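Read the structure below first, then the notes.
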Amino acid sequence: MKPDRLVFLGDSITCGGLYIAYLKAFLMQRDYDDGLVLVNLGLGSETASGLSEPDHPWPRPCVHSRIDRALQESKPDKVVFCYGMNDGIYYPYSEDRFKAYKEGIQKLAERIRNFGADAVAISPPPFDALSYLARGGHLVPAGRDRYSYMNVYENYNQVIERYSDWILSRGALFSKAIDIYHPMVNHTRSRRMEYAEYRSGDGIHPNPEGHWIMAGSILQDLFGIPAQGIPEPAAISKETEFFQLIREWQQILGAAWREHVGHTNPGRTKCLALPEAIIKAEELESRARCCLKAHGPGSTDIE
Numbered sequence: 616m617k618p619d620r621l622v623f624l625g626d627s628i629t630c631g632g633l634y635i636a637y638l639k640a641f642l643m644q645r646d647y648d649d650g651l652v653l654v655n656l657g658l659g660s661e662t663a664s665g666l667s668e669p670d671h672p673w674p675r676p677c678v679h680s681r682i683d684r685a686l687q688e689s690k691p692d693k694v695v696f697c698y699g700m701n702d703g704i705y706y707p708y709s710e711d712r713f714k715a716y717k718e719g720i721q722k723l724a725e726r727i728r729n730f731g732a733d734a735v736a737i738s739p740p741p742f743d744a745l746s747y748l749a750r751g752g753h754l755v756p757a758g759r760d761r762y763s764y765m766n767v768y769e770n771y772n773q774v775i776e777r778y779s780d781w782i783l784s785r786g787a788l789f790s791k792a793i794d795i796y797h798p799m800v801n802h803t804r805s806r807r808m809e810y811a812e813y814r815s816g817d818g819i820h821p822n823p824e825g826h827w828i829m830a831g832s833i834l835q836d837l838f839g840i841p842a843q844g845i846p847e848p849a850a851i852s853k854e855t856e857f858f859q860l861i862r863e864w865q866q867i868l869g870a871a872w873r874e875h876v877g878h879t880n881p882g883r884t885k886c887l888a889l890p891e892a893i894i895k896a897e898e899l900e901s902r903a904r905c906c907l908k909a910h911g912p913g914s915t916d917i918e
């Protein structure tokens, strides 16, 4: 499966874009990106539910405030979206919040289909309480009046697991539903058998290994790459010139696309205008291809 224009929507995990850069790098290295365009429209703090915890510094943005313009401007063949981590607003489970999440996702998938694109859902990643505590976060028991991303319900991952299971059980709603929750949970469990204090990220945002697992799940389920053809996270070499060029490519294009479409978050990211960013990104991609020619295709040096 080789979609021409693949647009990504999501919260700060997608906005950071590391898994998208991994996708780009892997596909370039295997000469599988001919005609493929990846557009990152992730936005920090965003939800599909429209909910926002009282202690958030500003009302969380909702994808429905920008989805029409996002579709009109990016003209996708497929939209890959990942929501859920923020949608439970870090509170204990409630039917009302779950209902808002389900309705928000259903509405998003419908808008994408009505535009003529395929809706591809990614399950939310897990909330990792141990990593959250290790970075100085506060876990709060049930029964409190207020929770937030700074003071998270201690069993919040149970909420996320329920949201993930719902996404994965609604195959008819999406062109495809991709599971990242369980592969990431399994990876963290395996790593902690080797090193008990392993940190999978900051508890909310996955580390590079987690982003690689996200990319690997997308490569398998959307592009049909067999699992045995995808390196394990530990096999990925670090800080190569090739991947640094792809990382910069993603950052420049992502910021430009995000501001071009617009959003309700306070302030604007200082970035190139979209036409200028596209030119700069083409230059970076050309340099990355020169690296591939120099070192040979099929390398796994993409971190």
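Residue numbers (the numbering used here): 616 to 918.
No residue lacks a Cβ here, since even glycine has one placed at the ideal position from N, Cα and C.
No experiment lies behind these values; they were computed from the predicted model shown.
In the DSSP assignment, Tyr-698 falls outside any alpha helix (DSSP H), carrying neither H nor E. In this structure, the alpha-carbon of Trp-872 lies about 31 Å from that of Glu-776. Under the three-state reduction of DSSP output, Ile-793 falls in the strand class. When beta bridges are read from the DSSP output, Asn-770 appears opposite no residue. Between the segment 628 to 644 and the segment 676 to 690, the count of C-beta pairs closer than 8 Å stays below three; the two stretches do not touch. Within the same chain, Ala-636, Lys-639, Ala-640, Ala-903 come within 7 Å of Ile-861 by CB-CB distance, once the 5 residues on both sides are set aside. Nearest C-alpha to Lys-895 among Gly-752, Asn-772, Ala-870, Asp-702: Ala-870. Put simply, the backbone Cα of Leu-642 is about 12 Å away from that of Gly-844. Distance from the CA of Leu-754 to the CA of Pro-674, rounded to the nearest whole angstrom, comes to 22 Å. Between the C-alpha atoms of Ala-715 and Ala-724 there is a straight-line separation of about 14 Å.
The three-state secondary structure of Thr-662, taken from DSSP, is strand.
When rounded, the separation of the alpha-carbon atoms in Gly-882 and Glu-661 is 15 Å. In this structure, DSSP gives Ala-736 an extended state, which the three-state scheme calls strand.
Residues Ala-636, Lys-639, Ala-896, Leu-899, Glu-900, Ala-903 of the same chain have their beta carbon placed closer than 8 Å to that of Trp-864, with the five preceding and five following residues left out of the count. Under the DSSP assignment, Gly-625 falls in the beta strand (DSSP E) whose first and last residues are 620 to 625.
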